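In the working numbering, the protein residues as written are 64 to 254. Note that the Cβ used here is the ideal one computed from N, Cα and C, for glycine as well. Please read all numbers here as calculations on a predicted model, not as lab measurements. Let me begin by presenting the structure, written as structure tokens, before commenting on it.
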Amino acid sequence: MSTKDYGKGRYWSGLVYPDSCPADWEERMRLSGLQILVSPLHDSDVADEKTGELKKPHRHVIAMWSNTTTKASAEKFFAQFNGPAVVLRLESPRGMAHYLIHLDDPQKAQYSREDIIEVNGADWRKLALTDGAKDEAMSIVKLVENEEPDGYFTLLKLCQENHKELLDFATRQVVFCREVIWSYWHTLRKE
Numbered sequence: 064m065s066t067k068d069y070g071k072g073r074y075w076s077g078l079v080y081p082d083s084c085p086a087d088w089e090e091r092m093r094l095s096g097l098q099i100l101v102s103p104l105h106d107s108d109v110a111d112e113k114t115g116e117l118k119k120p121h122r123h124v125i126a127m128w129s130n131t132t133t134k135a136s137a138e139k140f141f142a143q144f145n146g147p148a149v150v151l152r153l154e155s156p157r158g159m160a161h162y163l164i165h166l167d168d169p170q171k172a173q174y175s176r177e178d179i180i181e182v183n184g185a186d187w188r189k190l191a192l193t194d195g196a197k198d199e200a201m202s203i204v205k206l207v208e209n210e211e212p213d214g215y216f217t218l219l220k221l222c223q224e225n226h227k228e229l230l231d232f233a234t235r236q237v238v239f240c241r242e243v244i245w246s247y248w249h250t251l252r253k254e
């Protein structure tokens, strides 16, 4: 893929530092018209494991355009908050939504989902947790209960042969699938 392909995107991320951003930063975000998610204040992130030194307090921001926009436009938007000049085009908005509170990083400081700021109709829950994934997850649970696969390999074969609509989910959610199989058989042993 050429570098030109990385020049546009719908989802961009940047940092905001409370000590250098304008006092009206939330209002500026609202006036932009963009849907925006802002992390809780990350004031407990460790910079140096050995000394316990903390990182400078900051917020992660996901700005969502309705159409693709250039990196230059994203940089211009984030520049008004006086943060680092580096903005990132997000390959995985869902992954970044998780990162706002370190959802997938239990070794890092944990932040509350309730402290995420949602601007202009942005919905953290919709971005981070898809209903489709929940439906597929419950379909895997039913499949395990009905077909009783003895391991992940068997589950994949069942999906490939009889439940092709679940194959993509099963290959992306390996840990979840293994846990469902293990807990199913563990529950049966207890009975």
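Return the residue from the list Gly96, Lys171, Tyr247 and Gly115 that minimises the CA-CA distance to histidine 181. The sequence given here has glutamate at residue 181, not histidine. Measuring from the Cα of glutamate 181, the nearest candidate turns out to be Gly96.
Can you say whether methionine 159 is buried or exposed, counting buried as having 16 or more other CB atoms within 10 angstroms of its CB? buried
Beta strand (DSSP E) runs wholly inside the stretch 120-202, at least 3 long, in chain order: 122-133 and 180-182
CB of lysine 134 within 9 Å of CB of lysine 205, strictly: no
Proximal residues to isoleucine 244 (C-beta, below 8 Å), its chain only, five neighbours per side dropped: Val207, Pro212, Asp213, Gly214, Tyr215 and Leu218
Check each candidate in Glu199, Phe232, Gln223 and Pro156 and name the one with the smallest Cα separation from histidine 123. In terms of CA proximity to histidine 123, Pro156 leads the group Glu199, Phe232, Gln223 and Pro156.
Nearest residue (CA-CA) to glutamine 98, options Phe140, Glu177 and Asp82: Phe140
Return the chain-ordered ranges of every beta strand (DSSP E) run that is complete within the stretch 77-117 and spans a minimum of 3 residues. 98-101 and 109-111
Excluding five sequence neighbours on each side, which residues of the same chain lie with their C-beta closer than 6 Å to the C-beta of tyrosine 174? Pro103 and Ile164
Whole-number beta carbon distance between alanine 185 and leucine 117, since they are thought to touch under 8 Å: Actually they are not in contact, since the Cβ atoms of leucine 117 and alanine 185 sit about 28 Å apart, beyond 8 Å.
Beta-carbon within less than 7 Å of tryptophan 88's beta-carbon, same chain only, minus the 5 sequence neighbours each way: which residues are those? Val79 and Phe144
Any chain C beta carbon closer than 9 Å to aspartate 106: Considering every chain present, this structure includes no chain C. It has just one protein chain.
Closest by CA to serine 76, which one among Asp106, Ile125, Ser83 and Asp108? Ile125
Could you give the first and the last residue of the continuous alpha helix (DSSP H) run that contains glutamate 224? Going by DSSP, glutamate 224 is part of the alpha helix (DSSP H) stretching over 215-225.
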